[in-house]
Structures are given as structure tokens and as C-alpha cells.
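First residue of the sequence shown: 1068, per the working numbering; consecutive thereafter. For glycine and all other residues, C-beta sits at the position ideal for the given N, C-alpha and C. Values in this document were obtained by computation on a predicted structure and should not be read as measured data.
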Amino acid sequence: MKLNERSLAFYATCDSPADNAGFLYKRGERHTAYHRRWFVLKGNMLFYFEERESREPVGVIVLEGCNVELCDSAEEFAFAIRFSGTKSRTYVLAAESQAAMESWVKSLSRASFDYMRLVVRELEKQLEEVRWGPTGGCGGCQESPGSWKTKPSGPQQSPEQLLALPAVLPKENGCAVWNNVPGEDRPPNTSGCSRYDGEGNPRPPPLPPRRRASSSEAGSATGATAESPSTFCQLHERYGREVARLRQDWLERQRGPRP
1068 MKLNERSLAF
1078 YATCDSPADN
1088 AGFLYKRGER
1098 HTAYHRRWFV
1108 LKGNMLFYFE
1118 ERESREPVGV
1128 IVLEGCNVEL
1138 CDSAEEFAFA
1148 IRFSGTKSRT
1158 YVLAAESQAA
1168 MESWVKSLSR
1178 ASFDYMRLVV
1188 RELEKQLEEV
1198 RWGPTGGCGG
1208 CQESPGSWKT
1218 KPSGPQQSPE
1228 QLLALPAVLP
1238 KENGCAVWNN
1248 VPGEDRPPNT
1258 SGCSRYDGEG
1268 NPRPPPLPPR
1278 RRASSSEAGS
1288 ATGATAESPS
1298 TFCQLHERYG
1308 REVARLRQDW
1318 LERQRGPRP
């Protein structure tokens, strides 16, 4: 993301809430005199203005890779923002009271993304301890994540009491058989052939016997089979004569009338 003076000035003066704001005394880089400036902290950017009503900031400090610590200075309630590196600048600021200094030090220390990353990791660690216990799930975990699901309040039924429907429902005469609970009252079987096996599962219905053709139907089918070649020959000869006649007529029309 590219930043310029206009975008920074808009972000510094827009209506977005600030993490902290107030007057601080800022020591100059070349001259050690302190100047009273209006500071606004938004995210990891610390803007400072000449006055509270100023429309553009004088400068901005990006709070990444820095440490905020108390320091000895001529001004009371002073603290410093130190960056790592040999040529990095150290910003020395001073508050107007002890409470204001503590508030600013706390806010500036929590402004960087590195601090937010550490906070997120710590919160994730605490969440894991709440879920799995302090031992990471080995001996300290009393219940698995699946146990968080809502359990039925009523009495639990044993597997034998649950309705045992097969994957494919058996059918008899095209109708599904639903009354297949083991132990269900069934009419006595007097035919000697039970519809249920030894485990209580329904057996598929027997296949119907093949229908045998009668002598008259067999004779008619044999006759039709025997007559089919002669019928085909008759049709072929009939349509062949008609095609030959039409072809002869067409040839005569092509030759034209005889003189």
C-alpha cells in the first residue's frame, strides 16, 4: 500500500476513533528544547500536530520495532521511544502528569503489530487449554470436542431398541415391508418356510415360477416362425415388381415420345 502526505493527513484527521490523544512535550532532534504538541495515536501510527485545531499533522511516528521505556530527562514524567538500529532516532516525550505518562506508555507499548501478534498467540494458547486441558489433551482432557454437542435429555435407548431398517427395504408383491423389527409380533408361520432368517432379518421373497407356454401358443409361435421366410419373400417380390415398373416408366419419359 502506497502512502502519501494527503492520505496520512486524511487518516490523522478523519472521524475514526483514536486509541489515545492528548498534549505531550516533544524534545527536538537538533535542539534539546521541548515543544508542546497535540498527539493522536491511531493503530501503530502516532501523529503530532502543532495545535489541537490543526488540520494537518507536523509528523508521524510508525510504532514498529520499537521499545517504550522511561528515561531521565530535565522534564518530569518523561519517556522515550527507542528504535533498534545504530542510526535510528530516539523520540523523547514528556507528559503533564503521572497518570497521563502511564496511559501513554501503556498505549504506545500495545500499538505495534508485533504486540498484537503475541496477544493473539497467547489467547489461542489459553483457548486450547480451556478446550483440551493444560496437558494438551493427554490425560488432562476429560472429554473430546464431540462431547460438546448437545446431548438428548431423555433416556437413551439401547441399540436393540432402535428401529433396525435394512439398507434396501425388502419388497413383497411390489410393496416395501416396514414391519421388520426383531421381536415384533408376527402371525404364526404354518407353511414351514419362515420369512426371517436366524438373526431376525427379513428374507427376500421367492421368485415366481416361470410361466410355461401352452401347446396352442407354442404351435402358433412355431407356425409364425416357419411362415416368416415365405412372407418376406412374397413381400420382396411384390415390391420389387412395383419398383421395376416405376423405373420402366421413368426411362420411357426420359426418352420422350416415339415418332
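| query | result |
| --- | --- |
| Can you tell me the Cβ-Cβ gap for LYS1093 and HIS1102, rounded? I've got them flagged as a contact below 8 Å. | 6 Å |
| DSSP on CYS1081, reduced to helix/strand/coil? | coil |
| Return the chain-ordered ranges of every beta strand (DSSP E) run that is complete within the stretch 1131-1160 and spans a minimum of 3 residues. | 1133-1137 and 1145-1150 |
| Counting pairs of Cβ atoms below 8 Å between the stretch 1146-1162 and the stretch 1123-1136, do you hit three or more? | yes |
| Below 8 Å between beta carbons: does that hold for ALA1079 and PRO1124? | yes |
| Would you tell me roughly how many angstroms separate the C-alpha atoms of THR1099 and PHE1180, rounded to the nearest one? | 31 Å |
| Give me, in chain order, the residues of the same chain whose beta-carbon lies closer than 8 Å to that of VAL1127; leave out the 5 immediate sequence neighbours on both sides. | LEU1075, ALA1079, MET1112, LEU1113, PHE1114 and TYR1115 |
| Taking its Cβ as the centre, do 16 or more other Cβ atoms sit within 10 Å of MET1183, making it buried, or is it exposed? | exposed |
| Should PHE1144 go down as buried or exposed, given a rule of 16 or more other Cβ atoms within 10 Å for buried? | buried |
| How big is the Cα-Cα spacing for ARG1177 and SER1170? | 11 Å |
| With 16 other CB atoms within 10 Å as the buried threshold, where does ARG1104 fall? | buried |
| Determine the contact status of PHE1077 and GLU1163, defining contact as a CB-CB distance below 8 Å. | no |
| Quick one, are the C-beta atoms of GLU1142 and ALA1161 less than 8 Å apart? | yes |
| Could you tell me which residues DSSP puts in a beta bridge with ASN1087? | LEU1108 |
| To the nearest angstrom, report how far apart VAL1129 and VAL1197 are at their CA atoms. | 36 Å |
| For PHE1116, which residues does DSSP report across the bridge? | TRP1105 |
| Contact check, SER1174 vs ASP1086 under 8 Å by CB: the rounded distance? | 6 Å |
| Verify whether the separation of the beta carbon atoms of ARG1156 and GLU1096 is less than 8 Å. | yes |
| Buried or exposed for VAL1310, going by 16 or more other Cβ atoms inside 10 Å? | exposed |
| Please report how far the alpha carbon of GLU1120 lies from the alpha carbon of ASP1139, in whole angstroms. | 31 Å |
| Select from GLU1131, GLU1319 and MET1168 the residue whose C-alpha is nearest the C-alpha of PHE1106. | MET1168 |
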